[in-house]
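Only one structure is covered here, and it is reproduced in the block below.
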Amino acid sequence: MRELVVLGTASQVPTRTRNHNGYLLRWDGEGLLFDPGEGTQRQMIHAGVSASRVTRICLTHVHGDHCFGLPGVLSRMVLDGVAHPVYLHYPASGADVVQALVSVAPPGLDLRMLPHGGRGEIAPGLEVLPLRHRVETYGYRLIEPDGRTLLPERLAAAGIGGPDISQLQREGILRGVRLEDVSVPRTGQGFAFVMDTAPCTGAEELADGVDLLVAESTFSDDDADLAAQYAHLTAGQAGALAASGGVGTLVLTHFSSRYPDVTRLAEQARARAGGAAVVAANDLDWIALPKRERASS
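So the sequence shown is residues -4 to 292, counted in this note's numbering.
Written as structure tokens, this is what we have:
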């Protein structure tokens, strides 16, 4: 199961229809919660997702609309008796703020604090790169290694089935049959999360080649001066980011409250997004990752 659950899509000021930020990425057995803003715990109830599914919490920076929901989420996990470790990733320069937020939640959760102070891999397949905002900010990129897709007709012809399939995958060869003989290459999936930032190299690297890109779209292109002043992206800049990276699907979010209707922002992003599909996210949307590509044999 790989899908994005959108818990909130507002920027600094929530509206009647948009909660503060919050995004849960369901990725196989992991649940990565990105930037839980105020009200995230309640939004998870509305979305029908359990806090017990969260295994990692990833903060891009410590502005309130990206982290003030943290104590509530942690408190709910304690209440629900979550026993597995929960890893909290955040910029090292925001340690005082994060520690204050964590201290509000009751004890009882195996919370492992993992600050980062530069680019690099912070967990298997998960890396951070610096963005350009008014405080230290990082985007996240999750990449699945390339693999192989097994072909049932070739397995049957080779007389391989049941537990033998797992053995073939582990060892690469079984009774003279190679894994390459009964499978085709499969491109690994990629996900990127680019929140508050002006256009920068870090954003471009994060977006490069991913299947699903979540990107802030705080301002309309008509308000480009405001975007530059506050170090945010316009909708068109988010679209251009997707185009330059060859992104499969671009999810726009983090909308300023000045735009009660974001149709125009979606149009501006599409005009510059190249071949990327563009989705203007609404609270409580569920967005599936595109199916993994299978190369021809």
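We treat Cβ as the ideally placed atom computed from N, Cα and C, and that holds for glycine.
In the displayed model, H84 falls within a strand according to three-state DSSP. Secondary structure note for E262: its alpha helix (DSSP H) is the uninterrupted segment 258 to 267. For the pair L54 and T196, the Cα-to-Cα distance works out to about 20 angstroms.
Contact between the region 261 to 280 and the region 25 to 36 is absent: fewer than three C-beta pairs spanning the two stretches fall below 8 angstroms. The C-alpha of A198 is placed about 13 angstroms away from the C-alpha of A226.
Boundaries of the alpha helix (DSSP H) around H41: 35 to 42. The alpha carbon of D278 has as its nearest neighbour, out of V246, A271, G270, the alpha carbon of V246.
Of the candidates I117, C62, R127, E116, C62 places its Cα closest to the Cα of V99.
Membership of V68 in any beta strand (DSSP E) is not indicated; the residue belongs instead to the alpha helix (DSSP H) covering 65 to 74. If you check the CB distance, D203 and G240 come in under 8 angstroms. Of the residues assessed, W281 falls on the exposed side of the cut-off, its CB having fewer than 16 other CB atoms within 10 angstroms. For M108, the pairing in a beta bridge is given by DSSP as L83.
With distances taken between CA atoms, L19 lies nearest to Q38 out of Q38, T12, R13. Looking at the DSSP output, S178 sits in a beta bridge with L145. For P102, there is no enclosing beta strand (DSSP E), since its DSSP letter is neither H nor E.
Going by DSSP, I160 is part of the alpha helix (DSSP H) stretching over 158 to 166. For T248, there is no enclosing alpha helix (DSSP H); the enclosing beta strand (DSSP E) has its first and last residue at 244 to 248. Going by C-alpha positions, L109 is about 23 angstroms away from L74.
Looking only at L228, D220, S215, the smallest Cα-Cα distance to D256 is reached by S215. E211 sits buried, since 16 or more C-beta atoms from the chains shown fall within 10 Å of its C-beta. Cβ-Cβ distances below 6 angstroms link H84 to C53, L109, I117 in the same chain, with the five nearest sequence neighbours on each side left out; the list follows chain order. By the Cβ criterion, the region 86 to 93 is not in contact with the region 38 to 49, since fewer than three pairs of Cβ atoms, one from each stretch, lie closer than 8 angstroms. Restricting attention to A237, K286, A261, the CA atom closest to the CA of G270 is found in A237.
One alpha carbon belongs to P125, the other to E131, and they sit about 8 angstroms apart.
Scanning its chain for C-beta atoms nearer than 6 angstroms, with the 5 sequence neighbours on each side dropped, one finds around M72 the residues A46, L104, in chain order. Comparing alpha carbon positions, the residue from G154, P180, R181, G183 closest to L169 is G154. Here V8 is not near V49, since their CB atoms are 8 angstroms or more apart.
DSSP places E131 in no alpha helix (DSSP H); its state is neither H nor E. Cβ-Cβ distances below 6 angstroms link T248 to T4, A276 in the same chain, with the five nearest sequence neighbours on each side left out; the list follows chain order.
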